[in-house]
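Peer 1:
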Amino acid sequence: MREEEFYLFKNLSSVGPWDGPQYHIAPMWTFYLQTIFMGLVFVAGTPLNAIVLIVTVKYKKLRQPLNYILVNISVSGLMMCIFCIFTVFVSSSQGYFVFGKHMCAFEGFAGATGGMVTGWSLAFLAFERYIVICKPFGNFRFNSRHALLVVAATWIIGVSVAIPPFFGWSRYVPEGLQCSCGPDWYTVGTKYKSEYYTWFLFVFCFIIPLSLIIFSYSQLLSALRAVSPGGTGGTGDMDGGHWGQAHLWLRARDGEWRGAGGQEGGEEGELAGSREEERVGWGAGGRER
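According to the UniProt record's numbering, the sequence shown is numbered sequentially starting from 1.
(1) Rounded to the nearest angstrom, how far is the Cβ of Gly-182 from that of Gly-108, given a contact under 8 Å?
(2) For a quick check, are the C-beta atoms of Leu-70 and Asn-49 less than 8 Å apart?
(3) So, is Ala-260 buried or exposed, given that buried needs 16 or more other C-beta atoms within 10 angstroms?
(4) Exposed or buried, what is Arg-145 when buried is set at 16 or more other beta-carbons lying within 10 Å of its beta-carbon?
(5) Check whether the segment 145-165 and the segment 83-90 touch, using three or more Cβ-Cβ pairs below 8 Å as the test.
(6) With distances taken between CB atoms, is the gap from Met-38 to Ser-92 smaller than 8 Å?
(7) Reducing DSSP to helix, strand and coil, say where Val-227 ends up.
(8) Entirely within the segment 134-214 and at least 4 residues each: give me those alpha helix (DSSP H) ranges in chain order.
(9) Is Thr-118 near Ser-170, with beta carbons less than 8 Å apart?
(10) In or out: Pro-27 buried (at least 16 other Cβ within 10 Å) or exposed?
(11) Count the other C-beta atoms from every protein chain shown that fall within 10 angstroms of the C-beta of Leu-210, then say buried if there are 16 or more, exposed otherwise.
(12) With a cut-off of 8 Å on the beta carbons, I'd call Tyr-96 and Gln-22 a contact; round off their distance for me.
(13) Where do the ends of the alpha helix (DSSP H) carrying Lys-61 lie?
(14) In whole angstroms, what separates the C-alpha of Phe-200 from that of Phe-166?
(15) Compute the beta-carbon to beta-carbon distance between Ser-216 and Arg-129, rounded to the nearest angstrom, for a pair I have assumed lies under 8 Å.
(16) Quick check on this structure: which residue in Ala-112, Val-203, Phe-124 and Ser-160 has the alpha carbon closest to the alpha carbon of Pro-65?
(17) Taking Ser-91 as part of the alpha helix (DSSP H), name the residues at either end of that continuous run.
(18) Do Val-161 and Met-116 have their C-beta atoms within less than 8 Å of each other?
(19) Can you check which of these residues, Ser-180, Val-55, Leu-40 and Tyr-197, is closest to Gly-168 by C-alpha distance?
(20) Let me make sure I understand the geometry here. Which of Tyr-68, Ala-105 and Tyr-186 has the alpha-carbon closest to that of Ile-163?
(21) Within 10 Å of its beta-carbon, does Asp-19 have 16 or more other beta-carbons around it, so buried, or fewer, so exposed?
(22) Measuring only the C-alpha atoms, how far is Ser-180 from Phe-31?
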């Protein structure tokens, strides 16, 4: 027996999300407003992400290991602009998802993948900064190979987490004003077990990355406090000079990493880092005297 097709607001209208405008859901001006907003996001986001990629390819100095993650975020952002933002823009202007069921599933998959790649990229970026600056693993050198592994990991996570709805664990359905698609957040107790998939997304793609970001930046904040005079460093008590000292210290650490990132100029980066540290120590000594 063929399962009855699911869509929201069946009690309001017999017009399905593929059949025609969904103006029974909300006033028409809300669709126009969404059209304008999505148009602005597409017009701004597409060239900006493309510029990041073009400039990074053109200028070798920008191809540093830590920048790989930033480029990765731009790639996922460009993908979402082309496959998600644009389709929602067109659909909003028509009042319903005009591209059909298969494109709905693809748009939901692309949006889920891009969102998870971006979220995990931000988490790994924070953790990379923690490793490079706080040095929990000693003299660990973060190089291009490590950066590429991190980039690959974000896409493996993104695709692996977004693909289950194609195999029966949840499903991609129209959402909101029915002009975009995403995982089924709405139903419980069906054969798709959508509620468990929703909890899985919440924990694995929100709680865990957010926890990693909070941990990493809290450690960086502790590093800032540690270089304040006396190591007590309540941030509210640090004057401009102390913040400058902390900033120099972080620049020194970052200089060490950047020196290790490229094949050319590695020793120069280490020398620059050590000089910055000497300046920090000299500044601190001067204040004590």
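Backbone N, C-alpha and C define an ideal beta-carbon position, used for all residues, glycine too. In this text the structure is predicted, and so the values were computed from the model without any measurement.
Peer 2: Short version:
(1) Walking along the sequence shown from the start, residue 182 turns up at place 182. Walking along the sequence shown from the start, residue 108 turns up at place 108. Contact holds; Cβ gap of about 5 Å.
(2) Numbered from 1 along the sequence shown, position 70 holds the residue referred to as residue 70. Numbered from 1 along the sequence shown, position 49 holds the residue referred to as residue 49. It is not a contact, given that the beta carbons lie outside the stated cut-off.
(3) Looking up residue 260 in the sequence shown gives position 260. Bear in mind that a pLDDT of 46 at Ala-260, under 50, signals an unreliable position, so the number given afterwards is only what the model happens to contain. Ala-260 counts as buried, since no fewer than 16 other beta carbons sit within 10 angstroms of its beta carbon.
(4) If you number the sequence shown from 1, residue 145 lands on position 145. Classification for Arg-145: exposed.
(5) No: the two stretches stay apart, fewer than three of their Cβ pairs being nearer than 8 Å.
(6) Position 38 of the sequence shown, counting from 1, holds the residue named residue 38. Position 92 of the sequence shown, counting from 1, holds the residue named residue 92. Taking a C-beta distance under 8 Å as the contact criterion, Met-38 and Ser-92 qualify as a contact pair.
(7) Start at 1 with the first residue of the sequence shown, and residue 227 comes out as number 227. Note: Val-227 maps to coil in three-state DSSP.
(8) List check, alpha helix (DSSP H) in window: 144-162 and 194-202.
(9) Locating residue 118 in the sequence shown gives position 118, counting from the first residue. Locating residue 170 in the sequence shown gives position 170, counting from the first residue. For Thr-118 and Ser-170, no; Cβs fall outside 8 Å.
(10) Mapped onto the sequence shown, residue 27 falls at position 27. The residue is exposed, with fewer than 16 neighbouring Cβ atoms inside 10 Å.
(11) On the sequence shown, position 210 is the one that residue 210 refers to. Taking all protein chains in view, the Cβ of Leu-210 is surrounded by fewer than 16 other Cβ atoms within 10 Å, so the residue is classified as exposed.
(12) Locating residue 96 in the sequence shown gives position 96, counting from the first residue. Locating residue 22 in the sequence shown gives position 22, counting from the first residue. Their Cβ separation, rounded to whole angstroms, is 5 Å, which keeps Tyr-96 and Gln-22 in contact under 8 Å.
(13) In the sequence shown, the residue the question calls residue 61 occupies position 61. Looking at the DSSP string, Lys-61 is not in any alpha helix (DSSP H), and its letter there is neither H nor E.
(14) Here residue 200 refers to the residue found at position 200 of the sequence shown. Here residue 166 refers to the residue found at position 166 of the sequence shown. In a straight line, the C-alpha of Phe-200 is about 16 Å away from that of Phe-166.
(15) Residue mapping note: residue 216 aligns to position 216 of the sequence shown, counting from 1. Residue mapping note: residue 129 aligns to position 129 of the sequence shown, counting from 1. Cβ-Cβ separation between Ser-216 and Arg-129: approximately 6 Å, consistent with a contact (criterion under 8 Å).
(16) In the sequence shown, the residue the question calls residue 65 occupies position 65. Distances from the CA of Pro-65 to each of Ala-112, Val-203, Phe-124 and Ser-160 were compared; the closest alpha carbon is that of Phe-124.
(17) Start at 1 with the first residue of the sequence shown, and residue 91 comes out as number 91. That run of the alpha helix (DSSP H) goes 86-94.
(18) Along the sequence shown, read from residue 1 onward, the residue named residue 161 stands at position 161. Along the sequence shown, read from residue 1 onward, the residue named residue 116 stands at position 116. In this structure, Val-161 places its C-beta atom within 8 Å of the C-beta atom of Met-116.
(19) Within the sequence shown, numbered from 1, the residue matching residue 168 stands at position 168. Checked all of Ser-180, Val-55, Leu-40 and Tyr-197; the closest Cα to Gly-168 is Tyr-197.
(20) Along the sequence shown, read from residue 1 onward, the residue named residue 163 stands at position 163. Of the listed residues, the one whose Cα sits closest to Ile-163 is Ala-105.
(21) Translated into positions along the sequence shown, residue 19 becomes position 19. Its Cβ having fewer than 16 others within 10 Å, Asp-19 is exposed.
(22) Working through the sequence shown from its first residue, we reach residue 180 at position 180. Working through the sequence shown from its first residue, we reach residue 31 at position 31. When only Cα atoms are considered, Ser-180 and Phe-31 end up about 12 Å apart.
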